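There are 4 protein chains.
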Amino acid sequence: MDFELSEKIETVLGMIDGFMREEVLPLERYFLAEPFSELMPRIEEKRRAVKQMGLWAPNHPEEHGGLGLGLVDHGLVSEALGVSPLGHFIFGCHAPDAGNIEILHQHGSDEQKRRWLGPLVAGELRSCFSMTEPEMPGSNPVMMETTAVVDGDDYVIDGQKWYTTAADGAALAVVMAVTDPEAPPHRRASMILVPTDTPGFDLVRNLNVMGHAGEGVFSHAEILYHSCRVPRSNLLGAEGAGFVIAQERLGPGRIHHCMRWLGICKRALDLMCVRWLGICKRALDLMCARAAERTIAPGVKLADREIVQAWIGECAARIAAARALTLQTAWRIERHGWKEARQEISAIKFLVADVMLEVVDRALQVHGGLGMTDDTILAWFYRHERAARIYDGPDEVHKLSLARQLLKRYRR
Amino acid sequence: MDFELSEKIETVLGMIDGFMREEVLPLERYFLAEPFSELMPRIEEKRRAVKQMGLWAPNHPEEHGGLGLGLVDHGLVSEALGVSPLGHFIFGCHAPDAGNIEILHQHGSDEQKRRWLGPLVAGELRSCFSMTEPEMPGSNPVMMETTAVVDGDDYVIDGQKWYTTAADGAALAVVMAVTDPEAPPHRRASMILVPTDTPGFDLVRNLNVMGHAGEGVFSHAEILYHSCRVPRSNLLGAEGAGFVIAQERLGPGRIHHCMRWLGICKRALDLMCVRWLGICKRALDLMCARAAERTIAPGVKLADREIVQAWIGECAARIAAARALTLQTAWRIERHGWKEARQEISAIKFLVADVMLEVVDRALQVHGGLGMTDDTILAWFYRHERAARIYDGPDEVHKLSLARQLLKRYRR
Amino acid sequence: MDFELSEKIETVLGMIDGFMREEVLPLERYFLAEPFSELMPRIEEKRRAVKQMGLWAPNHPEEHGGLGLGLVDHGLVSEALGVSPLGHFIFGCHAPDAGNIEILHQHGSDEQKRRWLGPLVAGELRSCFSMTEPEMPGSNPVMMETTAVVDGDDYVIDGQKWYTTAADGAALAVVMAVTDPEAPPHRRASMILVPTDTPGFDLVRNLNVMGHAGEGVFSHAEILYHSCRVPRSNLLGAEGAGFVIAQERLGPGRIHHCMRWLGICKRALDLMCVRWLGICKRALDLMCARAAERTIAPGVKLADREIVQAWIGECAARIAAARALTLQTAWRIERHGWKEARQEISAIKFLVADVMLEVVDRALQVHGGLGMTDDTILAWFYRHERAARIYDGPDEVHKLSLARQLLKRYRR
Amino acid sequence: MDFELSEKIETVLGMIDGFMREEVLPLERYFLAEPFSELMPRIEEKRRAVKQMGLWAPNHPEEHGGLGLGLVDHGLVSEALGVSPLGHFIFGCHAPDAGNIEILHQHGSDEQKRRWLGPLVAGELRSCFSMTEPEMPGSNPVMMETTAVVDGDDYVIDGQKWYTTAADGAALAVVMAVTDPEAPPHRRASMILVPTDTPGFDLVRNLNVMGHAGEGVFSHAEILYHSCRVPRSNLLGAEGAGFVIAQERLGPGRIHHCMRWLGICKRALDLMCVRWLGICKRALDLMCARAAERTIAPGVKLADREIVQAWIGECAARIAAARALTLQTAWRIERHGWKEARQEISAIKFLVADVMLEVVDRALQVHGGLGMTDDTILAWFYRHERAARIYDGPDEVHKLSLARQLLKRYRR
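Chains as they are written, first to last, in the working numbering: chain B, 1 to 412; chain E, 413 to 824; chain L, 825 to 1236; chain Z, 1237 to 1648.
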């Protein structure tokens, strides 16, 4: 057993920490006060700097212009980026592009790759993943009403999606639609590439989430597909393979009920849990800094109050444990594959989300009235990261899923 | 012991419930989507309807045009209004005007009353209460830097305040300022009436709170007083009586450290805890309705899931207990006075806030992605009512205060 | 609304508090160190004193030699007695005799009453209630394997029971047994009186509970009924009415699934929740006293530590809320009947148990190593009252039951 | 980073798991029902078997007849043994002998080692560690009243100790006593070896803990030292070095306030946290097995209930996280030394205790009435392991200690 980091990743993390602190965190005050589009020029400048430093797209293979980090190392990087909402976007490894790029890389035709892969990895275009439907439960992805019907050489797509993250301004949508309603549930849907300028692709609105419609990569759209026609060659992978691809790397024939979370969880691990650890780190840092600085009575700092100390102690311990398990999970996937890590993946989904929201809540409380304002990033974390317990399967589904895996051994 | 409600209040509550459901809740979608000023004409219409129904200003004495309800009955009314952020304002018993009116009524000179009381009770003018300072801990109100220096027949006020709720659009500010820095801490400050058009009253900004600067009665301002000059006749009550008045009804000489929360808590009880119970009621209602309606698998509703049921059961029980204690507290104050109810007042401040935030959080979780959007009121409650654990003394201060009262008997 | 206590009950409570403090609490050290049988002579002496004071059997009607208190007043008395495990027994209102007496009083034949009622109320005999079976879930009482088969003028009872509280030393068992396996589930079982000296009544063992087998009224027996023969005249109430009686006062024909908890909950209210409030009161008292007395550093008491203060504040608030709801529930039953109070009954069952166990746990923690020893009553409460979340329906069942009542209105 | 176990430890763990399951767990029913002394012959038999398997004393160096495992590997072994209260004793690595052996090994004179080390490692004799005093806070070990006064060639020891674990039947006590009351607090006390047959060593009683006085290695004694005279050569290490030794491996001069927990925590890690993980493992196993087996309605198992599943999921996740952090901590100590691991050591002390008690509590709840009995080991864990939050510094002290370490960087 060995928890030591390689020298290479230590160096990378040092560079990233510095860049985040010096270049990214100072942008947050604009991020909180202005429309995102106004901030974009400054963001692009930072992205160029990241590319020049050779740190762009740490998760993508070197042949595509990325750093080619393994899962553990990318996890550590993702944690370092997660201290700010801007981190992943500035380093070119943001959702949902990161997942779409991986899917394209694995299942795209040569033509599809040629057209989309380069610009997406380079951050010149953006994409979105259009799966969730307002009337259907996110916890049961095989319930889906959007259809893609073959008509000559085309698919004609009809349906309503929402929570299509980052659709605003995206050039490409990866759409899940039912292509064979008679097939068994997990073989009904396919993934289809839809350029967003296709007639019938109608971005109805950016959802008002926690008081804001958002913009660009920080938005969640409602989209109507009405008679939206694309060539059949825009099919990604095989027809009916939508869920298989969503679960990626799993071989065909391996699909059954209790496994359907795997692919989704992979994305969770790549982009969520470690990012949440970054948020924890930041919130704990803000909490300690505020406590150490704030005078509450002559000569007495907030940091002198036992209750605040107890919170800091509890938060630090819970973060440390969540982090140790997350790294162990990443290691197990990298070494032994997704299947061996299934239970840990379920565990970190809800455990890390829970720790993160608690740490943010306590950090906000330590800031008092200031915590409610947008003078720190905490109120943003508080309201927007609440979604962590909902997306990619609500916590409750993951708890039950983990329990059922464990109970299998005991049932006769 | 008798928990029965009077027929009169049952009738009033029935009318209010109906009005809220039919007339107020439908306004929320505009409240969530538009600037508040655009909604104001429709709000004013509802206020007129409330006046016509004879339900205006339920908390104020009949001679001032109110309903003259006692504390218990007003508590029940306030709960009924609390189901929507708009309730109290539409019924003319909103913070901070309600508290300011009471203070004016009790401590104002005849001239002060003549000028302000009528229009404030009638809802024709609005006022604000300018006490909290950014660099000073809200948990320790005697730490204050704003000063009011006598200069001839005037006070000249200098200092910085923030979280001055509803200052935007208010005609009058009740300002706490140090008039005698040499006096004992609780005799240092005075309350002074400052018309907001006085030169030197500078509303710097509405604070960005949870992503929004807000407007009108739904805003919290930062205010600079620089050489803000008002006649000495604008003093409210006696010089040095600022904290005494803040603690109201307490007789002179009764002021010492452990009592300083009383007046503040009174306001808490009037306007906060029972309003929070209204929020609980609404959130539980939304949670049940959503669970009963939402299909999560063919033939299965969310309401069929045990985990959701357990949440509903727990929330209902906690609300019921918090409510029983709050009513008991209101009764004790009405019957036996503030002093006898001190421990219960401290208790409900943090207990009801805790229940409310938990119920809102779970209701949001039951709504899934929808809960994050502004298509229901839950996300608004989630982000804005988080302040309940902070204002008028953070939870922690009230816990310690309650404990110290209890421990007194045990210490030798 | 009126929370005032009557003068009569104030007087009674004053007498009881004094007696508990002076006469009962000093017995606890023997209770914790000796077999209960050795303590019995001293207990009997106290029981005689209680009778002389005219406070015996506060819950039973005056015509049977009790005080005839209503439900609210008996609740207050039960809380006062609950501060010690010995309270209810010394005052003649202990489980399971209290419930058996009520059942006998309502459903017993004249002969049955003549034989048993007097000695049971007077505390000269003890009884037990033999319902729970080891292989059957307590949460589903209609699952039952013990049978009573008619044979001539007799019932012949066969089966296994456990958790038959206080069977050790009891003269009478009220046994639930299936008399008609073909009837609908709630009409299958009957209650039968079985004198414990009947051949075939075999008390196998007192269960080892939390390390102790217990003795007398503080024991839980496993009982084998093998060919245990009693006359048919020992049937209590009608054949098949076992569950109806268990739910008492509910009229015939009103029995359906969701109501089955009512009768059981009544007993819960009578004897459990208010007793638990007594435990809360005691534990909080011990916690405060220890904190005020214990020196943890030169000049520093435990009570000076904020964390301990925060615990005391939280415990006091939670107890106050649980208590207010419990009294409101008792009032509603007394005034409006069981049916109207169903939701509150479900609520207090799990809510008060939860508060009680938390308060006991924190009081123990405040006592440190001493809390683990039997030098205080806390360790006894900690281990034995843990059962509160299990008996008479585990918490979870009550949560679901409450939720289902609430959800009914929302389901279409 | 590498979480793989070595082949050697995998083999050892396999052997231990098998032995625990086949040979040790079946003894628990006697352990729960009989005095420990009656069980001792069977225990001795198992200890001989462990020696024959070559697994005796896994923590002690090979030259003393142990396995010589490093900290990580011993942690894994200790977890495997922790599934039963009997594990560590049967494998010869039980508290407090394990700690005393280490202290003797490092600080004992040749003569002291010759006399005691062999028989202690071999399990032929037992020892105890006599430090805690009833009137002094365990969280502040430098507050101590027991004295050892030099009189000629002897020390004369006077004082009262309690919670001297396993004193009953021990041959040797390691006693902490003040030898220089004028020295700075951390230099006042010395460790002195006192054979328990020395006149003046008076084992007053085994404390009644959670209803039982216990016996032998499962007991906690109160001891009076009155004029207890031992030769000065029984001093362990230097005079005044009591706390230094308690903190072991720390060099002289390194002692200051915030470090005083280190040595104590080392013992915590060796014997506590990993043992608690074993308890977690066992409780989760029992919970799953019971849920899978218990029928609660026709055709429905407890394991089918969502609430039970959610508990299992939550417990499994929390255990996994606590375990990952504990192993990481063990690794850091082994690789980088105690000082580098300070924060993690504080964290696991309270975090693992908390997880353990929650898992045990839920496992007990899943067992219903059975969980309260001594038919499973759960009720024993529930009542005796509650001490985990108290001994070696209550949770709260560790939380504050961790926070203060973190806050140091932020304070100016």
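Backbone N, C-alpha and C define an ideal beta-carbon position, used for all residues, glycine too. Keep in mind that this is a model prediction, so the values were computed, not measured.
Our two residues, leucine 203/B and aspartate 168/B, have alpha carbons roughly 8 angstroms apart in a direct line. Secondary structure at serine 37/B: helix, using DSSP grouped into helix, strand and coil.
For tyrosine 854/L, same chain residues with a beta-carbon under 8 angstroms away, outside a window of 5 residues either side, are Glu862, Leu863, Arg866 in chain order. Where glutamate 385/B is concerned, there is no enclosing beta strand (DSSP E), because DSSP gives it neither an H nor an E. From the beta-carbon of histidine 212/B, the residues of chain E found nearer than 9 angstroms are Gly623, His624, Asp786. By the criterion of a C-beta distance shorter than 8 angstroms, lysine 1173/L is surrounded in its chain by Cys1089, Ala1092, Met1096, Cys1097, Asp1216, Gly1217, Asp1219, His1222, once the five residues flanking it on both sides are discounted.
Excluding residues up to 5 positions away in sequence, Phe1255, Trp1292, Ile1326, Phe1327, Gly1328 lie with their Cβ nearer than 8 angstroms to the Cβ of valine 1286/Z in the same chain. At a cut-off of 8 angstroms between C-beta atoms, alanine 1134/L counts as an interface residue with respect to chain B.
With respect to the 8 angstroms criterion, alanine 994/L and alanine 733/E are not classified as neighbours on the basis of their beta carbons. If you check the CB distance, leucine 1226/L and alanine 1171/L come in under 8 angstroms. Its chain contains Trp276, Ile279, Met356, Leu357, Val360 as the residues whose beta carbon lies nearer than 8 angstroms to that of glutamate 385/B, once the 5 sequence neighbours on both sides are disregarded; these appear in chain order. Of all residues in the region 830 to 863 of chain L, only Leu856, Ala857 come within less than 9 angstroms of chain Z when Cβ atoms are compared, listed by chain position. Under a 10 Å Cβ-count criterion, alanine 857/L is classified as exposed, with fewer than 16 other Cβ atoms of the shown protein chains found around its own Cβ.
A straight line joining the alpha-carbon of leucine 893/L with that of glycine 878/L spans about 13 angstroms. According to DSSP, isoleucine 1428/Z shares a beta bridge with Val1411/Z, Leu1471/Z.
In the structure shown, cysteine 505/E falls within a coil segment according to DSSP collapsed to helix, strand and coil.
Using beta-carbon distances, glutamate 1130/L counts as an interface residue toward chain B, with a partner under 8 angstroms.
Remark: C-beta atoms of alanine 560/E and isoleucine 604/E approach each other more closely than 8 angstroms. The beta carbon of glycine 1304/Z sits no closer than 8 angstroms to any beta carbon of chain B. Under a 10 Å Cβ-count criterion, valine 1386/Z is classified as exposed, with fewer than 16 other Cβ atoms of the shown protein chains found around its own Cβ.
Here leucine 949/L has Pro943, Ala995 as same chain residues with Cβ atoms under 6 angstroms from its own Cβ, once five neighbours each way along the sequence are excluded. Annotation: methionine 287/B to cysteine 315/B spans about 10 angstroms, alpha carbon to alpha carbon. In the DSSP assignment, leucine 941/L falls within the alpha helix (DSSP H) that extends over 934 to 945. The Cβ atoms of threonine 132/B and glycine 781/E sit closer than 8 angstroms to each other. Scanning the region 756 to 816 of chain E for uninterrupted alpha helix (DSSP H) segments of 4 residues or longer gives 781 to 784, 790 to 796, listed from N- to C-terminal end. Each of Ala1425/Z, Ile1532/Z, Val1248/Z, Arg1554/Z was checked against the Cα of methionine 1412/Z, and the nearest Cα belongs to Ala1425/Z. Cysteine 1524/Z reaches chain B at Leu406, Leu407, Tyr410, counting residues in chain order whose Cβ is nearer than 7 angstroms. Shown here for arginine 1518/Z: same chain residues with a beta carbon closer than 6 angstroms to its own, the five before and five after excluded, namely Val1319 in chain order. Taking 8 angstroms as the CB threshold, phenylalanine 913/L stays off the interface with chain E. The bridge partners DSSP lists for serine 1455/Z are Gly1450/Z. Shortest Cα-Cα distance from arginine 1236/L to any of Arg774/E, Ala704/E, Phe793/E involves Ala704/E. The closest CA to that of glutamate 847/L, considering only Asp826/L, Leu905/L, Lys870/L, is found on Lys870/L. The beta carbon of arginine 795/E sits closer than 8 angstroms to those of Met622, Gly623, all from its chain and outside the five residues before and after it, given in chain order. Not a single CB atom of chain Z sits nearer than 8 angstroms to the CB of glutamine 1167/L. Against glutamate 1632/Z, the close residues of chain B are Ala310, in the order they occur along the chain (beta-carbon pairs closer than 7 angstroms).
Here arginine 730/E is buried: its Cβ has 16 or more other Cβ atoms, across all protein chains shown, within 10 Å.
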